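Read through the structure below, which is laid out as structure tokens, and then see the notes.
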């Protein structure tokens, strides 16, 4: 059994399906530590990926959003005081208008002109007549991860990646997950024109209620294109789901946003963080759950590949998260 101080990587999930995907990519599953802090309410999954010892936590059932992610991390550092890097890994809504982002693709929050890859927004708060206000940003990922991303993405561009086959191997290991977590049929990846609102009630399948005449035509990716594709850019983290395609496209054009989600900015401004999202919908009124499990697997598979490119010695050089959280208070 490892000691709590031997764990250096924190991995935060919002949903149980994201936790399942994370566990599926651990090389080794560890026993729980026996000295958890008294005031730590989290439930942990411990394991290793390569030479990294990893602590995985999922937010309490039904308790999603910015505040809960921050609370989970604070509790985590009470028990695992030697954590040096935090990963927010899970699903998010894509923005297909600026890049060829498709369901199952992966968006990695990366450094932009005015942010470290994630901005926090307050949607619905009127400021000078605008309904969308940028209220902060997340610090950039640790340098050890930025350099690893550069090397990893260069390899992907030259040689392709093995994310799809890595998912298949994980599903072979955990056969009970196969039916639900495998890649859905390509015909279910339906992108509608931004001005076309979902017809029928919530839960009504688009293929039955919305038809095909408002679909956006996209060519199939060829064998020389990565599928799923990896996109690096800005992630918007806010206080409610984005389900308006016209607003989505407007904000994407103005701020360069590639993905919307609800947890990452809860960690904003305290320390450096890596945010990785598998795309499960298009942030529009047609969103449904069909791609969520696969998107979670894709994000976890990429995260494992990234960790295998980060030297543990580089992680140890980073400031302890516990210290940085104390500085942010």
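Residue numbers (our numbering): 313 to 641.
No residue lacks a Cβ here, since even glycine has one placed at the ideal position from N, Cα and C.
Because the structure is a prediction, the values reported are computed rather than measured.
Pick helix, strand or coil for residue i, following the three-state DSSP scheme.
i           : result
residue 440 : Here residue 440 scores only 40 on pLDDT, less than 50, and its place in the model is too uncertain to base an answer on.
residue 331 : helix
residue 342 : coil
residue 490 : helix
residue 468 : helix
residue 504 : strand
residue 365 : strand
residue 563 : helix
residue 319 : coil
residue 479 : helix
residue 589 : strand
residue 381 : helix
residue 633 : helix
residue 397 : strand
residue 404 : strand
Give every residue of the same chain whose Cβ lies closer than 7 Å to the Cβ of residue i, excluding the five residues on either side of it in the sequence, and list them in chain order.
i           : result
residue 343 : 313
residue 602 : 496, 500
residue 387 : 352, 353, 354
residue 401 : 323, 325, 330, 334, 588, 611, 612, 615
residue 460 : 618, 621, 622
residue 604 : 329, 403, 592
residue 472 : 538
residue 383 : none
residue 348 : 391
residue 599 : 405, 555, 593
What are the boundary residues of the alpha helix (DSSP H) that includes residue i?
i           : result
residue 412 : Taken as a continuous stretch (DSSP letters only), residue 412 belongs to no alpha helix (DSSP H), as it is neither H nor E.
residue 373 : From DSSP, residue 373 is part of no alpha helix (DSSP H); its letter is neither H nor E.
residue 525 : Residue 525 -> no alpha helix (DSSP H), and no H or E assigned at all.
residue 496 : Counting along the chain, residue 496 falls outside any alpha helix (DSSP H), and DSSP gives it neither H nor E.
residue 314 : That residue, residue 314, is in no alpha helix (DSSP H); it is neither H nor E in DSSP.
residue 616 : 604 to 620
residue 509 : Unbroken run through residue 509: none, as it is neither H nor E.
residue 626 : 624 to 628
In this structure, what does DSSP give as the bridge partners for residue i?
i           : result
residue 389 : Answer by DSSP bridge pairing: none, since residue 389 is not bridged.
residue 573 : 549
residue 451 : 584
residue 542 : 418
residue 698 : With the chain covering only 313 through 641, there is no way to say anything about residue 698.
residue 350 : Beta-bridge pairing links residue 350 to no other residue.
How is the beta strand (DSSP E) around residue i delimited, first residue to last?
i           : result
residue 356 : 356 to 361
What residues in its chain sit with their C-beta under 8 Å from that of residue i, if we drop five residues either side in the sequence?
i           : result
residue 628 : 320, 396
residue 498 : 532
residue 597 : 509, 510, 555, 556, 557
residue 341 : 335, 357, 358, 359
Excluding the 5 residues flanking residue i on each side, which residues of the same chain have their C-beta closer than 6 Å to its C-beta?
i           : result
residue 489 : 483
residue 634 : 389, 393
residue 590 : 403, 418, 607, 608, 610, 611
residue 410 : 564
residue 363 : 624
residue 368 : 323, 334, 357
residue 345 : 316
residue 408 : 503, 594
residue 366 : 321, 323, 359
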